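Trainee:
Number of protein chains: 2
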Amino acid sequence: MREVHTTVNNIPMADKKPTEIASLGEFGLIDHLTDSFSVRNASTLRGVGDDAAVIAAGADEVTLCTTDLLLEGVDFDLTYFPLKHLGYKAVVVAVSDLLAMNGRPEQLLVSLGVSSKISVEALDDLYAGIRFACEEMEVDLVGGDTKASVTGLAIHVTALGRARKEEVVYRGGAKLHDLICITGNLGAAYMGLQLLEREKRVLRGVKDPEPEFKGNEYLLQRYLKPAARKDIVELLAEEKIVPTSMIDLSDGLASDLLQICKASKCGARIYLDRIPIARQTTAFAEEIHTDPVVAALNGGEDYELLFTVPLALQERVMRMGGVDVIGHITAENTGAYLVTPDGGEIRLKAQGFRDKE
Amino acid sequence: MREVHTTVNNIPMADKKPTEIASLGEFGLIDHLTDSFSVRNASTLRGVGDDAAVIAAGADEVTLCTTDLLLEGVDFDLTYFPLKHLGYKAVVVAVSDLLAMNGRPEQLLVSLGVSSKISVEALDDLYAGIRFACEEMEVDLVGGDTKASVTGLAIHVTALGRARKEEVVYRGGAKLHDLICITGNLGAAYMGLQLLEREKRVLRGVKDPEPEFKGNEYLLQRYLKPAARKDIVELLAEEKIVPTSMIDLSDGLASDLLQICKASKCGARIYLDRIPIARQTTAFAEEIHTDPVVAALNGGEDYELLFTVPLALQERVMRMGGVDVIGHITAENTGAYLVTPDGGEIRLKAQGFRDKE
Chain A
1 MREVHTTVNN IPMADKKPTE IASLGEFGLI DHLTDSFSVR NASTLRGVGD
51 DAAVIAAGAD EVTLCTTDLL LEGVDFDLTY FPLKHLGYKA VVVAVSDLLA
101 MNGRPEQLLV SLGVSSKISV EALDDLYAGI RFACEEMEVD LVGGDTKASV
151 TGLAIHVTAL GRARKEEVVY RGGAKLHDLI CITGNLGAAY MGLQLLEREK
201 RVLRGVKDPE PEFKGNEYLL QRYLKPAARK DIVELLAEEK IVPTSMIDLS
251 DGLASDLLQI CKASKCGARI YLDRIPIARQ TTAFAEEIHT DPVVAALNGG
301 EDYELLFTVP LALQERVMRM GGVDVIGHIT AENTGAYLVT PDGGEIRLKA
351 QGFRDKE
Chain B
358 MREVHTTVNN IPMADKKPTE IASLGEFGLI DHLTDSFSVR NASTLRGVGD
408 DAAVIAAGAD EVTLCTTDLL LEGVDFDLTY FPLKHLGYKA VVVAVSDLLA
458 MNGRPEQLLV SLGVSSKISV EALDDLYAGI RFACEEMEVD LVGGDTKASV
508 TGLAIHVTAL GRARKEEVVY RGGAKLHDLI CITGNLGAAY MGLQLLEREK
558 RVLRGVKDPE PEFKGNEYLL QRYLKPAARK DIVELLAEEK IVPTSMIDLS
608 DGLASDLLQI CKASKCGARI YLDRIPIARQ TTAFAEEIHT DPVVAALNGG
658 EDYELLFTVP LALQERVMRM GGVDVIGHIT AENTGAYLVT PDGGEIRLKA
708 QGFRDKE
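Keeping their order, the protein sequence lines are chains A and B.
For the first sequence, the working numbering assigns the number 1 to the initial residue and increments by one for each residue that follows.
For the second sequence, the working numbering assigns the number 358 to the initial residue and increments by one for each residue that follows.
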């Protein structure tokens, strides 16, 4: 059927072969689609391009807002992702973006597209996970939209948070010689996913399958029930540290550090032997003949925080606990590199396939 | 594969037949899922249950937030919904919820799940519609999330707005003897959809189909490019009218008025011969042997505003222009009825299948 022409001016389709979305890449696509939008409202302090949008709220405070879409078959596989965990993780993914702005998460809106194969009991499980995460992170569920889907399960989360205007941390504030800090450990979530995928392959077609996870519970938990680091944002406030830049690690250390370098117009050196990797991650990586550092750099979904602070704050950062200094910010023209123990330098490349918003 | 037990307590599935979602109905499902959530943050002024969530922002103002999910095959059919119109309408659907709270729309976040069949040029069209709507309604695009979908197109919109705290209009404030007012006319969007469905049926299998829309352009526009009544919210402010209750007409007059009655604990009488219906709606309804009043009551997607004002404001409301008084609020125990010209009373029933958030 031809395009309907009403009183709206339809942009005529160019008479050429359509361009595949993959050709632009995910970040390129967002830039392409949003470049031509201008900002009109004085309350819009920051739009597209950071972990969350920043909107004026009163004289001293701002509202932070972020949205994430989780799609069945893309972001999760219901054959091994328990719905309760999925609900929990959906909240974490969104709340983590607010924490990465140094914000206090406060409200949540959850919209679901639900296929007929999903029962009320299954949704109860999903919401039990959402409720558990809301309680843990002291966030209020304030709205949403639920409708039938003709395809798979779609979960959309909008998270709202609050911060004092001068304490919002953007990606673009890292300065020369700043320390690059990281919370927790990296690569475990990716290994958890590899474990689940392996068991799924091995047990395909088996009736009443009994997957073997013994000894790897930690990896599973890191993938299925990652933590949002609200504790770190609270510790930063206690130590009166406002990082110069911050991002949450959803795409992997390499991709996310490059986002900071791009926004801050700087380079970086991180040291391979400083990257925190859990014992269980290393053990399972060996078992499946993978390099755990690659998992840390490119695996993603760790939802730890990556931030930079001035050199002078090193002692205060170390006092916080649970934070490792893994490198420092360099001049933009020196690029971003991983330094190996023998002094070799490997250029960091973005490998994430997930949108950073 | 069995459920993975990590350190999260999984709620055991009850050992009984799963409950189908349809058995609860859409409103029932939302109540069921959200009943057990409690509110923790002082900034949460209103959560689930109105057109938008209301969040404190400074001393005198509030932030309004609403989300809507539009799914291919459920909310739109790409065989006849031009992408530019779809982008426009996605914004209208969300912005309309803010207007229904008497709010000023200011920011927008758009997330897309995009299947591989959609080209960059198609997304350009979608975003051209979004941009057009943003310009018209003076809203800033401030974020989103774009990812590949293995199924159809999913569009998720979060809209943020602002209002003075004492000027927010909820659904629950209608008082006995208040006038029931309506903007524009009803049922046209539903007739536009019927027209498109008819042409799709007629032209199925035809090469280079040429659908016949002559004379019905108005109906198509009302369905494909509905207006959000920002003008009405501005006129209300000019006339210094703060309605006692308000809702946007997305599910149809019957269902939406019943939402006001439920929230305000009141009844209503509306008069059949006062319901504004456009000439084109009546004409096409006759052509397809349908009752235009049924389309007005149950069709939905008109995105007009339904509001109540004290009797004393009748003159000021009439001075606004573009508003019809169609009835009045009665005591709760008298129910909600449509009064026919011969004095008969027909009980109003909710027919909408769409979520009201």
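Even for Gly, the Cβ is constructed at its ideal location relative to N, Cα and C.
Just so we're clear, the structure is a prediction, and the values are computed from it rather than from any experiment.
Check whether the Cβ of PHE384/B lies closer than 7 Å to any Cβ atom in chain A.
Mentor: The residue you call residue 384/B lines up with position 27 of the second sequence. With 7 Å as the cut-off, PHE384/B does not count as an interface residue toward chain A.
Trainee: Looking at ILE686/B: is its Cβ nearer than 7 Å to the Cβ of THR665/B?
Mentor: For the purposes of this step, residue 686/B is taken as residue 329 along the second sequence, with counting starting at 1. For the purposes of this step, residue 665/B is taken as residue 308 along the second sequence, with counting starting at 1. Yes, Cβ-Cβ distance for ILE686/B and THR665/B is below 7 Å.
Trainee: For the region 502 to 521 of chain B, which residues have a CB atom closer than 8 Å to at least one CB atom of chain A, in sequence order?
Mentor: So the close ones are ASP502, THR503, LYS504, ALA505, SER506, VAL507, THR508, GLY509, ALA511, HIS513, THR515, LEU517, ARG519.
Trainee: Secondary structure at THR515/B, three-state DSSP: helix, strand or coil?
Mentor: Locating residue 515/B in the second sequence gives position 158, counting from the first residue. In the structure shown, THR515/B sits in a strand (DSSP, three-state: E or B).
Trainee: With DSSP as the reference, label MET101/A as helix, strand or coil.
Mentor: Counting from one through the first sequence, the residue named residue 101/A turns up at place 101. Three-state result, MET101/A: coil.
Trainee: Using a Cβ distance threshold of 8 Å, determine whether the region 312 to 319 of chain A contacts the region 151 to 160 of chain A, with at least three qualifying pairs required.
Mentor: No, because fewer than three Cβ pairs between the region 312 to 319 of chain A and the region 151 to 160 of chain A fall closer than 8 Å, the two stretches do not touch.
Trainee: If you draw a straight line from the alpha carbon of VAL92/A to that of SER264/A, how long is it in whole angstroms?
Mentor: In the first sequence, counting from the first residue as 1, residue 92/A sits at position 92. In the first sequence, counting from the first residue as 1, residue 264/A sits at position 264. Taking the straight line joining both Cα atoms gives about 26 Å.
Trainee: Under a three-way DSSP split, which group does ILE487/B fall into?
Mentor: Position 130 of the second sequence, counted from the first residue, corresponds to residue 487/B. DSSP places ILE487/B in helix when its eight states are reduced to three.
Trainee: So is ASP648/B buried or exposed if we call it buried at 16+ other beta carbons inside 10 Å?
Mentor: Residue numbering aside, residue 648/B sits at position 291 when the second sequence is read from its first letter. It counts as exposed.
Trainee: From GLU357/A to LEU235/A, what does the alpha carbon distance come to, in whole angstroms?
Mentor: In the first sequence, counting from the first residue as 1, residue 357/A sits at position 357. In the first sequence, counting from the first residue as 1, residue 235/A sits at position 235. Residue placement at GLU357/A is flagged as unreliable, the pLDDT there being 36, under the threshold of 50; the coordinate-derived value follows with that caveat. Looking at the two C-alpha atoms, the distance is approximately 24 Å.
Trainee: Assuming LEU112/A and ILE130/A make a contact with CB atoms under 8 Å, what is their CB distance in whole Å?
Mentor: Reading the first sequence from its first residue, position 112 is the one you call residue 112/A. Reading the first sequence from its first residue, position 130 is the one you call residue 130/A. In fact, because the Cβ distance is near 10 Å, the residues do not count as touching under 8 Å.
Trainee: Taking Cβ positions only, does ASP31/A come closer than 7 Å to chain B?
Mentor: The residue labelled residue 31/A in the question sits at position 31 within the first sequence. Answer no: the Cβ-Cβ gap between ASP31/A and chain B never drops below 7 Å.
Trainee: Using only the alpha-carbon positions, how far apart do MET318/A and VAL110/A sit?
Mentor: Numbered from 1 along the first sequence, position 318 holds the residue referred to as residue 318/A. Numbered from 1 along the first sequence, position 110 holds the residue referred to as residue 110/A. Cα to Cα, the separation comes out at about 37 Å.
Trainee: How should PRO375/B be labelled, buried or exposed, when 16 other C-beta atoms within 10 angstroms of its C-beta is the threshold for buried?
Mentor: Numbered from 1 along the second sequence, position 18 holds the residue referred to as residue 375/B. By the neighbour-count rule (16 or more Cβ atoms within 10 Å), PRO375/B is not buried but exposed.
Trainee: Specify, as a first and last residue, the run of the beta strand (DSSP E) that HIS685/B falls within.
Mentor: Indexing the second sequence from 1 puts residue 685/B at position 328. Note, HIS685/B: beta strand (DSSP E), 680 to 687.
Trainee: Could you have a look at LYS147/A and say whether DSSP puts it in helix, strand or coil?
Mentor: As a position in the first sequence, residue 147/A is number 147, starting the count at 1. Strand at LYS147/A.
Trainee: Can we say the region 503 to 514 of chain B touches the region 423 to 432 of chain B, given the rule of at least three CB pairs closer than 8 Å?
Mentor: Verdict: yes, contact present.
Trainee: What residues from chain B crowd round GLY58/A, counting only those whose CB sits closer than 9 Å?
Mentor: Against the first sequence, residue 58/A aligns to sequence position 58. Going along chain B in sequence order, the residues near GLY58/A (Cβ under 9 Å) are ALA413, ALA414, GLY415, ALA416, ASP417, GLU418.
Trainee: Closer than 7 Å by C-beta to GLN551/B: which residues in its own chain qualify, once you throw out the five before and the five after it? Chain order, please.
Mentor: As a first step, residue 551/B is located in the second sequence; it is residue number 194 there, counting from the start. Same-chain partners within the cutoff: ILE645.
Trainee: Have a look at LEU426/B and VAL471/B and give me their C-alpha separation to the nearest angstrom.
Mentor: Here residue 426/B is taken as the residue at index 69 of the second sequence, counted from 1. Here residue 471/B is taken as the residue at index 114 of the second sequence, counted from 1. The straight-line gap from Cα to Cα measures roughly 14 Å.
Trainee: Mind listing, in chain order, the continuous alpha helix (DSSP H) runs of no fewer than 4 residues lying wholly within the region 619 to 675 of chain B?
Mentor: Listed in chain order, they are 636 to 644, 649 to 655.
Trainee: Among the candidates LYS262/A, LEU186/A, GLY299/A, ARG164/A, whose CA atom is the shortest distance from the CA of LEU98/A?
Mentor: Taking the first residue of the first sequence as 1, we reach residue 98/A at position 98. Measuring from the Cα of LEU98/A, the nearest candidate turns out to be ARG164/A.
Trainee: Any Cβ of chain C within less than 7 Å of the Cβ of LEU593/B?
Mentor: Checking the listed chains, one finds no chain C in this structure; the protein chains it contains are A and B.
Trainee: Grouping DSSP H, G and I as helix and E and B as strand, with all else coil, what is TYR437/B?
Mentor: The sequence position of residue 437/B within the second sequence is 80, counting from 1. It is coil, neither helix nor strand.
Trainee: So, at 6 Å on beta carbons, what are the nonlocal neighbours of LEU249/A in its own chain, with the 5 sequence-adjacent residues on each side left out?
Mentor: Numbered from its first residue, the first sequence carries residue 249/A at position 249. Here the set comprises ASP256, ASP302, GLU304, LEU306.
Trainee: Note down the Cα distance separating GLU217/A from HIS85/A, rounded to an integer number of angstroms.
Mentor: Your numbering for residue 217/A matches position 217 in the first sequence. Your numbering for residue 85/A matches position 85 in the first sequence. Their Cα atoms are separated by approximately 14 Å.
Trainee: What residue ranges within the region 215 to 256 of chain A form continuous alpha helix (DSSP H) runs of no fewer than 4 residues, ordered along the chain?
Mentor: 217 to 224, 230 to 238, all fully within the region 215 to 256 of chain A.
Trainee: Can you confirm whether the region 391 to 409 of chain B touches the region 142 to 150 of chain A when touching is taken to mean that 3 or more C-beta pairs between the two stretches lie within less than 8 Å?
Mentor: Yes: at least three Cβ pairs fall under 8 Å.
Trainee: Buried or exposed: which applies to THR340/A, given that a residue is buried once 16 or more other Cβ atoms fall within 10 Å of its Cβ?
Mentor: Reading the first sequence from its first residue, position 340 is the one you call residue 340/A. Result: exposed.
Trainee: Of all the CB atoms in chain B, is at least one closer than 7 Å to the CB of ARG204/A?
Mentor: Within the first sequence, residue 204/A is the residue found at index 204, counting from 1. Closer than 7 Å: no.
Trainee: On the DSSP letters alone, give me the boundaries of the alpha helix (DSSP H) that ILE475/B sits inside.
Mentor: One-based indexing of the second sequence puts residue 475/B at position 118. Taken as a continuous stretch (DSSP letters only), ILE475/B belongs to no alpha helix (DSSP H), as it is neither H nor E.
Trainee: Rounded to whole angstroms, how far is the Cβ of ALA285/A from the Cβ of ALA295/A, which I believe are closer than 8 Å?
Mentor: Position 285 of the first sequence holds residue 285/A. Position 295 of the first sequence holds residue 295/A. Right, the Cβ-Cβ distance comes to about 6 Å (below 8 Å), so this counts as a contact.
Trainee: Going along the chain, which residues of its own chain have a beta-carbon closer than 7 Å to the beta-carbon of MET548/B, five neighbours each way excluded?
Mentor: Indexing the second sequence from 1 puts residue 548/B at position 191. Excluding residues within five positions, the ones whose Cβ falls inside 7 Å are LEU576, THR638, PHE641, ALA642, ALA652.
Trainee: Run the CB neighbour count on GLU383/B, radius 10 Å, all protein chains shown included, and call it buried at 16 or more, exposed below.
Mentor: The residue labelled residue 383/B in the question sits at position 26 within the second sequence. Counting Cβ neighbours within 10 Å, GLU383/B comes out buried, since at least 16 surround it.
Trainee: Spell out whether any CB of chain B is found under 7 Å from the CB atom of THR281/A.
Mentor: As a first step, residue 281/A must be located in the first sequence, where it is residue number 281. Not an interface residue.
Trainee: Spatial neighbours of TYR437/B within its chain, please: CB distance less than 7 Å, with the 5 preceding and 5 following residues excluded, ordered by chain position.
Mentor: In the second sequence, residue 437/B corresponds to position 80, counting from 1. The residues are LEU553, LYS557.
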